[in-house]
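Single-structure report; data block below.
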Amino acid sequence: MADEIRKLLEEIPWPEDDDKLFYVNFENFTQNAYIDEHSDANWAAYIYGYKMAVDILVNHLQSNKIDLNFLIFPIAFLYRQYLELQLKQIIKDGNLLLDHKPDFPKEHRLDKLWEQARVLITEVFSGEISTEYTNSLDIVEKQILEFSEFDKYSTAFRYPTDKSNNPPFLNTLNFLDLENMKAVVGKMESLLTGAYSGICEKLDHKFSSP
60 MADEIRKLLE EIPWPEDDDK LFYVNFENFT QNAYIDEHSD ANWAAYIYGY KMAVDILVNH
120 LQSNKIDLNF LIFPIAFLYR QYLELQLKQI IKDGNLLLDH KPDFPKEHRL DKLWEQARVL
180 ITEVFSGEIS TEYTNSLDIV EKQILEFSEF DKYSTAFRYP TDKSNNPPFL NTLNFLDLEN
240 MKAVVGKMES LLTGAYSGIC EKLDHKFSSP
């Protein structure tokens with residue numbers, strides 16, 4: 060028995076002195092991810108990287124239901140993180156297009172970020188927005204406010220308690236359909252990405268015009 064336990068312990072990976080977390084593999088360079096130092100490229104990598112990662116997690120659950128109760132926290136947080144970064148990118152480049160300071164709020168509240176993003180979207184596309192598109196903006200606003208209600212400061216899905224040691228949802232959220240969250244955020248992504256693409260197109264025209 061002692062030999063079996065010793066053998067089992069020898070097979071468990073254990074920290075070694077020459078281990079490095081931030082390591083470049085020169086022997087098999089295809090294992091290395093490329094980190095683009097260009098600011099705009101980094102924004103895209105963060106935004107779509109988080110969205111891609113969380114979609115992969117939800118897809119994993121289709122055949123691994125046993126993991127649902129553990130992955131709910133990173134999944135909900137990553138969808139929220141995606142939305143936060145996408146709104147900040149719209150604000151940053153929308154401000155640039157309108158000759159404001161190309162900056163974004165240094166806060167996590169989705170409701171406040173959406174408030175600024177919607178004003179900019181409306182101003183940027185003034186005269187181009189249809190009633191149908193305005194209705195779509197209203198729908199996305201309702202969904203962002205819903206997310207903000209459960210996780211105002213981007214902490215509810217990162218920590219098991221708040222600063223007062225209370226459960227983050229105050230026992231108001233006991234079940235959550237993650238497939239549905241993926242589908243709804245996917246529809247929100249269509250509108251938000253479309254708005255940002257339109258801003259980029261106008262920026263290209265602005266700075267390429269003689």
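Letter by letter, the sequence shown follows residues 60 to 269 in our numbering. The beta-carbon is built from N, C-alpha and C at its ideal position, and this holds for glycine as well.
Endpoints, the alpha helix (DSSP H) within which Arg65 is located: 61-70
Inter-residue Cα distance where the pair is Asn123 and Val244: 21 Å
Compare the beta carbon distance of Ala254 and Phe184 with 9 Å and say whether it is the shorter of the two. yes
Meets three-Cβ-pair contact criterion under 8 Å: the region 190-206 and the region 168-177: yes
Using DSSP with H/G/I as helix, E/B as strand and the rest coil, what is Trp102? helix
Where do the ends of the alpha helix (DSSP H) carrying Ile149 lie? 127-156
Endpoints, alpha helix (DSSP H) assigned at Leu262: 237-267
Whether or not the region 147-154 and the region 179-195 are in contact is what I'm after, with contact meaning three or more pairs of Cβ atoms, one per stretch, closer than 8 Å; do they touch? yes
For Pro226 versus Phe216, is the C-beta distance shorter than 9 Å? no
Exposed or buried, which one is Lys246 when buried takes at least 16 other CB atoms within 10 Å? exposed
The alpha helix (DSSP H) enclosing Asp170, as first and last residue numbers: 169-183
Proximity winner among Ser267, Leu250, Phe266, His264, relative to Ile149 (alpha-carbon distances): Leu250
For the alpha helix (DSSP H) containing Leu196, list its first residue and its last residue. 190-209
Three-state secondary structure assigned by DSSP to Lys160: coil
Applying the criterion that 16 or more other CB atoms from any shown protein chain within 10 Å of the CB defines a buried residue, is Lys147 buried or exposed? buried
Would you say Thr231 and Asp221 are within 9 Å of each other, going by their C-beta atoms? no
CB-CB length for Ile106 against Leu144, believed under 8 Å: 5 Å
Classify Val178: buried if its beta carbon has 16 or more other beta carbons within 10 angstroms, exposed otherwise. exposed
Hey, out of Phe132, Phe88, Lys265, Glu191, whose CA is closest to Asn233's CA? Phe132
Find the nearest neighbour of Ser256 within the set Asn84, Ile71, Ala103, judged by alpha-carbon distance. Ala103
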